[in-house]
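Chemist:
Protein chains: 2
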Amino acid sequence: MPTEISTLGEFGLIRHLTENITFQNKSTLYGVGDDAAVLSYSDNQQILVTTDLLLEGVHFDLTYVPLKHLGYKAAVVNFSDIYAMNGTPRQITVSLGISKRFCIEDMEMLYAGIRLACEDYGVDIVGGDTTSSLTGLTISITCIGEGEKDKIVYRNGAKESDLICVSGNLGAAYMGLQLLEREKLALAGKGDDIQPDFSGKEYILERQLKPEARRDIIIKLREAGIQPTAMMDISDGLSSELLHICKQSNVGCRIYEEHIPLDYQTAVMAEELNMNVTTCALNGGEDYELLFTVPIADYDKVSQIEGIRLIGHITAPDLGCAMIDRDGQEFELKAQGWNPLK
Amino acid sequence: MPTEISTLGEFGLIRHLTENITFQNKSTLYGVGDDAAVLSYSDNQQILVTTDLLLEGVHFDLTYVPLKHLGYKAAVVNFSDIYAMNGTPRQITVSLGISKRFCIEDMEMLYAGIRLACEDYGVDIVGGDTTSSLTGLTISITCIGEGEKDKIVYRNGAKESDLICVSGNLGAAYMGLQLLEREKLALAGKGDDIQPDFSGKEYILERQLKPEARRDIIIKLREAGIQPTAMMDISDGLSSELLHICKQSNVGCRIYEEHIPLDYQTAVMAEELNMNVTTCALNGGEDYELLFTVPIADYDKVSQIEGIRLIGHITAPDLGCAMIDRDGQEFELKAQGWNPLK
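Heads up: the protein sequence lines correspond to chains A and B, in order. Each residue of the first sequence is one higher than the one before, starting from 1 at the first, in our numbering. Each residue of the second sequence is one higher than the one before, starting from 1 at the first, in our numbering.
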């Protein structure tokens, strides 16, 4: 039997969801339970702050996204932004707007996902706000992290001749989303006992439903002594993000289609859907891979790191931003990624 | 002519709203435009973080709340939480979920209010997220501030025999809300040219529509050398907040009805509406006054500060929490303030 949230009220629900939270970071002094959380960072660390607002029907569809996965993802996408500054996430605040459709057990699942992500990445939940909403679920997470002075990486530091690198592979999360949307349509109105067959497509589904932030890549770069000149995470698509870096760094770029990393399942799914897999990799969002540039002098070091692919190089600004396809033709890069306000 | 938001898109809108932002705090190193903002606080300062989620139809009604006022209030309520820790607000992030109903000019008004509040209180806008929403307007603001080590005031430090103090007066914002609701009903369907007459009620309207955070009181307490033992801001009503302090401090309290500060307009409006003005002061929310306790040894100092009223004292926990009315009768305090999840 689902338990109505009104039986606990605002403060009861917050207590229920946040009880037994133990802190993993010495920078966390005081968490949930007062007007504000209290943190303490040392003079050597700079503080990073990022925030994401997720709205039901715009950013997620609960007909196929389990609440625990949603909670995990909502937290991880914020961690990803902190790693993309070459930092380490330490604390989050979690604000929820909850419509009458949801029960306490639903919020327990959502919070279980958020807490799991926090455990995995060593992040503390230190506060938030919980309220009712007239329609749907609203999730607003703010993440606070730290970065060493002089080690923080911005988007605006790419230099001519720098190498352009990406972690992992691209387009998988978008293909996972397309698959989920297709099955949702196919199964609409057919009853709950018919379940879609996702065998052989587990990887792209996981990339969509339970993405990870690339902490491992940040650690590998540090261990290799590589300081990227520019970096960001790929949430709106490679094209769009690369244009951000080039614009803010006042440079151009050339990337090579044949070097864009793709997973086998991504390619298979694109073919099934009659889509161009390169287009999916360029414009599909939510991969949360890292896009970064390194000086050409780091070529040997960076090319030895597993999970990092060199896809091109930075040019003078007047050369513009383009991809060279497998036939050697140049195509101008355009920001066709997901734009929530178009 | 209203301009559709889609003409700018997400990044264009953010640029448009945040251009020309200049920073007022040396702790703000980098603001909008990267994966995260970058801040730098000194070792002597602890960092305070608070967040608020405001949803249209739940927290505000745009039929009578101007967008500029809404922006101002949305920022100020967060500043109030930082002051309530005896801290100073320094940065905010602003996340907006915007439905198709809104145009660019609407968002300019909202942002003008947020920016005005930031100017007034010396706070920097350093980031946020802007996205579409299916229904209504969503505003999520996170505020970061600083407090001196050993000067931060929690809710849990109230001691037996401490004096209970409040700033300003109570119930005014709630009476302002009742007035707006009454006029909304009275004017429904009567056309835009009929405007309600609010003369003589300006003060309670301003308390509802454009509240201020009590920075002045925090400064006065510091100047007088008074360190409160417990403090919070009154957002859900005096009763509810006092119960928080007593529960978290493990104490009881006695407050005196005759000492609860009321404004004349609050009393007049309560009478017009046939409401008990004390009940409004105890349970009406959104006053954003400060509720705090000080050691009895500070009696002389605190009673000389203009704008602070002593309303009672802290007792042993077994005496419970009660108000003594004008006839000397005791009534147990109950948390009947606004509960968004009931």
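Glycine included, every Cβ here is placed at the ideal spot set by N, Cα and C.
(1) Just list the residues that DSSP pairs LEU29/A with in beta bridges.
(2) Would you check if there are 3 or more beta carbon pairs closer than 8 Å linking the segment 159-169 of chain B to the segment 251-266 of chain B?
(3) Please classify LEU333/B: does DSSP put it in a helix, a strand, or coil?
(4) Can you round the beta-carbon distance between ASP35/A and THR51/B to whole angstroms, since I take them to be within the 8 Å contact cut?
(5) Per DSSP, which one or two residues make a beta bridge with SER199/A?
(6) If you run the structure through DSSP and keep just helix, strand and coil, what is ALA188/A?
(7) Compare the C-beta of GLN46/B against all C-beta atoms of chain A and say whether one is closer than 8 Å.
(8) I'd like the span of the beta strand (DSSP E) that includes ALA377/B, first residue to last.
(9) How about THR88/A: is its C-beta nearer than 8 Å to some C-beta of chain B?
(10) Looking at chain B, is there any beta carbon in it that lies within less than 8 Å of the beta carbon of PHE331/A?
(11) So what does PRO89/B bridge to, in DSSP terms?
(12) Taking buried to mean at least 16 other C-beta atoms within 10 Å of its own C-beta, is LEU70/B buried or exposed?
(13) Of all Cβ atoms in chain A, is any one closer than 8 Å to the Cβ of LEU134/B?
(14) At 3 residues or longer, and completely inside the segment 252-312 of chain A: list those beta strand (DSSP E) runs for me, N to C.
(15) Between the segment 170-184 of chain A and the segment 262-275 of chain A, are three or more C-beta pairs nearer than 8 Å?
(16) Please report the residue range of the beta strand (DSSP E) in which LEU55/A lies.
(17) Closer than 9 Å between beta carbons: that is the criterion. Which residues of the segment 25-37 of chain B meet it against chain A?
(18) In the structure shown, what three-state DSSP assignment does GLU212/A receive?
(19) So which of ILE324/B, LEU29/B, VAL76/B and HIS16/B has the shortest CA-CA distance to ALA208/B?
(20) Counting Cβ pairs, one atom from each stretch, are 3 or more of them under 8 Å apart for the segment 91-105 of chain A and the segment 133-144 of chain A?
(21) Leaving out the 5 sequence neighbours to the left and right, which residues in its chain are closer than 7 Å to ASN156/B when beta-carbon positions are compared?
(22) Tell me the DSSP secondary structure of ASP233/B in three-state form.
(23) THR130/B lies in the alpha helix (DSSP H); which residues open and close that run?
(24) Distance, Cα to Cα, ASP325/A vs TYR72/B?
(25) If you measure between the beta carbons of ARG15/A and CYS165/A, is that distance less than 8 Å?
(26) Tell me the residue span of the beta strand (DSSP E) that contains SER354/B.
(27) Exposed or buried, MET1/B, counting other C-beta atoms within 10 Å across all chains shown (16 or more means buried)?
(28) Counting only the same chain and skipping the five closest in sequence on each side, list residues whose C-beta sits under 8 Å from that of ASP318/A.
(29) Using a Cβ-Cβ distance under 8 Å, would ASP150/B count as near chain A?
(30) Tell me the DSSP bridge mates of LEU39/A?
(31) Identify, in the order they occur along the chain, each residue of the same chain with its Cβ nearer than 6 Å to the Cβ of LEU67/A, setting aside the five sequence neighbours on each side.
(32) Under the three-state reduction of DSSP, which class applies to ALA322/A: helix, strand or coil?
(33) Among GLU183/A, MET323/A, ASP216/A and MET232/A, which has the Cα closest to the Cα of GLU306/A?
(34) How is GLU223/A classed by DSSP in three states: helix, strand or coil?
(35) Where does GLU108/B sit, in a helix, a strand or coil, going by DSSP?
(36) Just the chain B side, please: which residues come within less than 9 Å of VAL76/A by C-beta, in chain order?
Modeler: So, from the data block:
(1) In the DSSP output, where bridge partners are listed per residue, LEU29/A has none listed.
(2) yes
(3) coil
(4) Not a contact, Cβ separation roughly 11 Å.
(5) Bridge partners of SER199/A: none, in fact.
(6) coil
(7) yes
(8) Shown here, chain B extends from 1 to 342; a query on residue 377/B therefore has no answer.
(9) no
(10) no
(11) GLY145/B
(12) buried
(13) yes
(14) 252-256 and 289-294
(15) yes
(16) 45-55
(17) SER27, LEU29, TYR30, GLY33, ASP34, ASP35, ALA36 and ALA37
(18) coil
(19) In the sequence under discussion, the amino acid at residue 208/B is Gln, which differs from the Ala named in the question. Per the Cα distances, VAL76/B.
(20) yes
(21) ALA230, GLN248 and SER249
(22) strand
(23) Taken as a continuous stretch (DSSP letters only), THR130/B belongs to no alpha helix (DSSP H), being part of the beta strand (DSSP E) at 124-132.
(24) 51 Å
(25) no
(26) With chain B running from 1 to 342 in the structure shown, residue 354/B is simply not present.
(27) exposed
(28) GLY252
(29) no
(30) THR28/A and ILE47/B
(31) ASP106, MET109 and LEU110
(32) strand
(33) ASP216/A
(34) helix
(35) helix
(36) Ordered by position in chain B, no residue passes the 9 Å Cβ test against VAL76/A, which lies about 14 Å from the chain.
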